[in-house]
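Visitor: For the sequence shown, my numbering begins at 981 and goes up steadily by one.
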Amino acid sequence: MFDLILKGGIVVDGTGNERVRADVGVTRGLIAAVGDLTGRRAERVIDVSGQFVVPGFVDVLNHADGYLTLFTRPGCDSLVRQGITTIIGGNCGTSLAPLGSRSVSKIVRRWSSLFGDDVTLPPSTAYEHFLGVRKWTELDGVNIDWFTMRDFLKAVKKLDVVPSFGTLVGFGTLRRSVVGDASRAATEDEILLLKEQLRDALRDGAMGLSLGLNFAHEVSESRETLVALARVVQEEGKVLSVHVRDEKDALMDSVEEALELAVASGVPLLISHLKAVGVRSAEVYPAVLDRIAQAQADGVDVNVTVYPYSASYSVLHQYLPDWAYEGGRETMLLRFKEPAERERLIAQLNTSSEWYGGLVVARTMKLQSSVIGRTVGDIASQRDVTVGEAVVQILEGNGGFVMCFDPSISEERVHDTLQHPLSLVASEGGSYTEEDVSEIGYLPHPRSFGAFPRFFAEAVRENSLLSWEEAIQKCCSLPALKMGLRDRGFVSRGLRADLVVFSPEKIRDRATLQNPFQYPEGIDYVLIEGGVVVGDVASVE
981 MFDLILKGGI
991 VVDGTGNERV
1001 RADVGVTRGL
1011 IAAVGDLTGR
1021 RAERVIDVSG
1031 QFVVPGFVDV
1041 LNHADGYLTL
1051 FTRPGCDSLV
1061 RQGITTIIGG
1071 NCGTSLAPLG
1081 SRSVSKIVRR
1091 WSSLFGDDVT
1101 LPPSTAYEHF
1111 LGVRKWTELD
1121 GVNIDWFTMR
1131 DFLKAVKKLD
1141 VVPSFGTLVG
1151 FGTLRRSVVG
1161 DASRAATEDE
1171 ILLLKEQLRD
1181 ALRDGAMGLS
1191 LGLNFAHEVS
1201 ESRETLVALA
1211 RVVQEEGKVL
1221 SVHVRDEKDA
1231 LMDSVEEALE
1241 LAVASGVPLL
1251 ISHLKAVGVR
1261 SAEVYPAVLD
1271 RIAQAQADGV
1281 DVNVTVYPYS
1291 ASYSVLHQYL
1301 PDWAYEGGRE
1311 TMLLRFKEPA
1321 ERERLIAQLN
1331 TSSEWYGGLV
1341 VARTMKLQSS
1351 VIGRTVGDIA
1361 SQRDVTVGEA
1371 VVQILEGNGG
1381 FVMCFDPSIS
1391 EERVHDTLQH
1401 PLSLVASEGG
1411 SYTEEDVSEI
1421 GYLPHPRSFG
1431 AFPRFFAEAV
1441 RENSLLSWEE
1451 AIQKCCSLPA
1461 LKMGLRDRGF
1471 VSRGLRADLV
1481 VFSPEKIRDR
1491 ATLQNPFQYP
1501 EGIDYVLIEG
1511 GVVVGDVASV
1521 E
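Structure below.
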């Protein structure tokens, strides 16, 4: 007798094989049978006739940990309601562990709430530097009570997070514990310490290392350091994820840098959120995709992640010239007060005023409704200042903490990436609820609510870029295999019963830049380890 049978569905199993009509039996959290289960008994039977039954989506690029919504909203409604059953955090160079004594006051502040009240922290000399933890999300009642990766994973387990959670080690986190914010490469002794801490974290359960090479605290690091750490990752059988150095004018060189790290170390490589930002990168983008394919043909284990949107979401200071943010946020704010430095920066920003003017403010430290949802260009016009001056004013007025949408990604190139055989679909989102529309006062990226349904609607049903079988692989089996998750990603006997039931005719996203707080349509059930986490259980036979 099964615990549950999904009856009469169309199974797309993640192998790439043609879909088939079949029942799926679940027992003790595992898939116990796939086939004709007529006459077999179960405690519950769900009629899913005509619906697709597919593996749960494995989101290898997620920021629920970085936004700390993992702690404030462990139900992860916006993620599981789009079919995500596994999330991988620690991306783009920043993780929440391991925390060395020099990293705590910097990295935890960076990835904590912009808006939360002071939080109670356990007694420790490492925490004497600060009382509040501020960055990207509400933090009431959250205690930072770990140092090691092992302790962090234990802390997450206590939260009862609904999707399965794993994390990479963020190089920025690791580096700050050894080098701090110094704008220089690590010394030989520091490299040894970085390697030791990385190896410990990987053995404690981290799934790999992530680099954020365009962020100020990593941009000056040497190739020697990066290769040394990549070799540790390879030795431990894990994955290297790279947020490349430049997604605009130097995209090809930046991708080449990531590929060279993989060649030098032999590590499996994942290039994060590959995209073409601006006209120049869009022009070279086909050659970039060809170069990645050639690297794979030459023996590099490489994949790229992509989200199906033409707008990105990041901190505003990331878009400043490197020199303006050198030394970190506090140093940047001091530069704003120096007339010569301020004038120099504004002049440089104004040389690209059309692009900067198109950025949309999504989040500020002071939750300024007068600017949230508006373009920098509109704000500049209202204030009767140049676009460059408006950028500086917005940052200055919010302590340097500002998030924005960049709508300059080439949609055509997004489609090119979605079709590429080496691409994996990811959300790069956080966890929210529809009720947050009236509670949090800022705009998250709509991908937090709709990335995977949008991918299926646009790439398969509307534009026929991929078959359903190919699309399911990009969301399930391929990312699971990339991350070494051998117990999921397929609808197959003996694997975890992480399953999604959806209508291929109806699945679509509803979240927009203007109103991201909307769940998708067309997903009827989501199961995690056999438990129904999305769906009307009351209607089950």
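Where a beta carbon is used, it is the ideal one built from N, C-alpha and C, also for glycine. Owing to the predicted nature of the structure, the values given are computational and were not obtained by experimental measurement.
Please report the Cβ distance between phenylalanine 1482 and glutamine 1031, rounded to the nearest whole angstrom; I am assuming they are in contact, meaning their Cβ atoms lie under 8 angstroms.
Guide: The Cβ separation is near 6 angstroms, so the contact holds.
Visitor: Can the beta-carbon of leucine 1191 be found less than 7 angstroms from the beta-carbon of valine 1222?
Guide: Yes.
Visitor: So, with DSSP's three-state summary, where would you put phenylalanine 1432?
Guide: In the structure shown, phenylalanine 1432 sits in a helix (DSSP, three-state: H, G or I).
Visitor: Based on Cα-Cα distance, which residue from Arg1271, Ser1290, Met1345 lies nearest to valine 1282?
Guide: It is Arg1271.
Visitor: Cutting at 7 angstroms between CB atoms, please list the residues of its own chain near valine 1372, excluding the five before and the five after it.
Guide: Cβ within range, chain order: Phe1316, Arg1322, Leu1325, Ile1326.
Visitor: Assign aspartate 1278 to one of two classes, buried (16 or more other C-beta atoms within 10 Å of its C-beta) or exposed (fewer than that).
Guide: Per the 10 Å Cβ criterion, exposed.
Visitor: Give me the Cα-Cα distance between lysine 1134 and proline 1054, rounded to the nearest whole angstrom.
Guide: Computed Cα separation, rounded: 14 angstroms.
Visitor: Rounded to whole angstroms, what is the Cα-Cα separation between serine 1163 and glycine 1069?
Guide: Computed Cα separation, rounded: 26 angstroms.
Visitor: With C-beta atoms as the reference, is arginine 1490 less than 7 angstroms away from tyrosine 1289?
Guide: No, the Cβ-Cβ distance between arginine 1490 and tyrosine 1289 is not below 7 angstroms.
Visitor: Ignore the nearest five residues each way along the sequence and tell me which others in leucine 1445's own chain have a CB closer than 7 angstroms to its CB.
Guide: Excluding residues within five positions, the ones whose Cβ falls inside 7 angstroms are His1395, Leu1398, Gln1399, Ala1439.
Visitor: Considering only DSSP beta bridges, list what tyrosine 1505 is partnered with.
Guide: In the DSSP output, where bridge partners are listed per residue, tyrosine 1505 has Val1481.
Visitor: So that I know if they touch, is there some Cβ in chain C lying closer than 7 angstroms to that of aspartate 1003?
Guide: Here chain C cannot be found, since the structure has a single protein chain.
Visitor: Please report the Cβ distance between glutamate 1449 and valine 992, rounded to the nearest whole angstrom; I am assuming they are in contact, meaning their Cβ atoms lie under 8 angstroms.
Guide: That belief holds up - the Cβ atoms of glutamate 1449 and valine 992 are roughly 6 angstroms apart, short of 8 angstroms.
Visitor: If you reduce the DSSP assignment to three classes, tell me which class phenylalanine 1316 lands in.
Guide: Correct three-state label for phenylalanine 1316: helix.
Visitor: When burial is assigned at 16 or more other CB atoms within 10 Å of the CB, is glycine 994 buried or exposed?
Guide: Glycine 994 is buried by the Cβ-count criterion.
Visitor: Just to check my reading of the structure: leucine 1010 and alanine 1460 have Cβ atoms closer than 8 angstroms, yes? What is that Cβ distance to the nearest angstrom?
Guide: The Cβ separation is near 15 angstroms, so there is no contact.
Visitor: Just to confirm, are alanine 1262 and arginine 1393 a CB contact at a threshold of 7 angstroms?
Guide: In contact: alanine 1262 and arginine 1393 (Cβ atoms closer than 7 angstroms).
Visitor: Give a yes or no on contact between the region 1243-1261 and the region 1216-1232, applying the rule of three or more CB pairs nearer than 8 angstroms.
Guide: The answer is yes - the region 1216-1232 touches the region 1243-1261, with three or more Cβ pairs under 8 angstroms.
Visitor: What does DSSP give as the partner residues of cysteine 1384 in its beta bridges?
Guide: In the DSSP output, where bridge partners are listed per residue, cysteine 1384 has Ser1294, Val1341.
Visitor: Is it a yes or a no for the region 1450-1459 touching the region 1378-1391, going by three-plus beta-carbon pairs under 8 angstroms?
Guide: Cβ pair count under 8 angstroms is below three, so no.
Visitor: With DSSP as the reference, label lysine 1454 as helix, strand or coil.
Guide: Looking at lysine 1454 - three-state DSSP - the assignment turns out to be helix.
Visitor: Name, in chain order, the residues that DSSP records as bridge partners for serine 1221.
Guide: Its beta-bridge partners are Ser1190, Leu1250.
Visitor: Among Trp1303, Gly1474, Ile1067, Glu1176, which has the Cα closest to the Cα of methionine 1187?
Guide: That would be Ile1067, whose Cα lies nearest to the Cα of methionine 1187.
Visitor: Quick one: grab the DSSP three-state call for threonine 1492.
Guide: Here threonine 1492 sits in coil by DSSP.
Visitor: Could you round the C-beta distance between glutamate 1198 and glycine 1152 to whole angstroms and report it? I think they count as a contact, below 8 angstroms.
Guide: So it is a contact: roughly 5 angstroms between Cβ atoms.
Visitor: Could you tell me whether the Cβ atoms of glutamine 1214 and proline 1500 are closer together than 7 angstroms?
Guide: Not a contact, by the Cβ cut-off of 7 angstroms.
Visitor: Just curious, the beta strand (DSSP E) that glutamate 1023 is in, first and last residue?
Guide: 1022-1027 is the extent of the beta strand (DSSP E) around glutamate 1023.
Visitor: From the DSSP output, in three-state form, read off arginine 1441 for me.
Guide: Helix, per DSSP.
Visitor: Can you tell me whether DSSP reads leucine 986 as helix, strand or coil?
Guide: Strand, per DSSP.
Visitor: By the three-class DSSP mapping on this structure, what secondary structure does threonine 978 have?
Guide: It is not possible to answer for residue 978, since the shown part of the chain is limited to 981 through 1521.
Visitor: Below 8 angstroms on the Cβ atoms is my guess for glycine 1430 versus tyrosine 1047; work out the distance and round it to an integer in Å.
Guide: In fact, because the Cβ distance is near 17 angstroms, the residues do not count as touching under 8 angstroms.
Visitor: Given this structure, state the Cα-to-Cα distance separating valine 1405 from threonine 1074, to the nearest angstrom.
Guide: Going from the Cα of valine 1405 to the Cα of threonine 1074 covers about 20 angstroms.
Visitor: Between which residues of its own chain and glutamine 1498 is the CB-CB distance below 7 angstroms, once the five residues before and five after are set aside?
Guide: Contacts found: Glu1414, Phe1429, Arg1490, Ala1491.
Visitor: To the nearest whole angstrom, what separates the beta carbons of valine 1219 and proline 1248, a pair I think is in contact under 8 angstroms?
Guide: Right, the Cβ-Cβ distance comes to about 5 angstroms (below 8 angstroms), so this counts as a contact.
Visitor: Along the beta strand (DSSP E) that carries isoleucine 1064, what are the first and last residues, could you check?
Guide: 1064-1069 is the span of the beta strand (DSSP E), which, as asked, contains isoleucine 1064.
Visitor: Taking buried to mean at least 16 other C-beta atoms within 10 Å of its own C-beta, is valine 1000 buried or exposed?
Guide: With fewer than 16 Cβ atoms within 10 Å of its Cβ, valine 1000 is classed as exposed.
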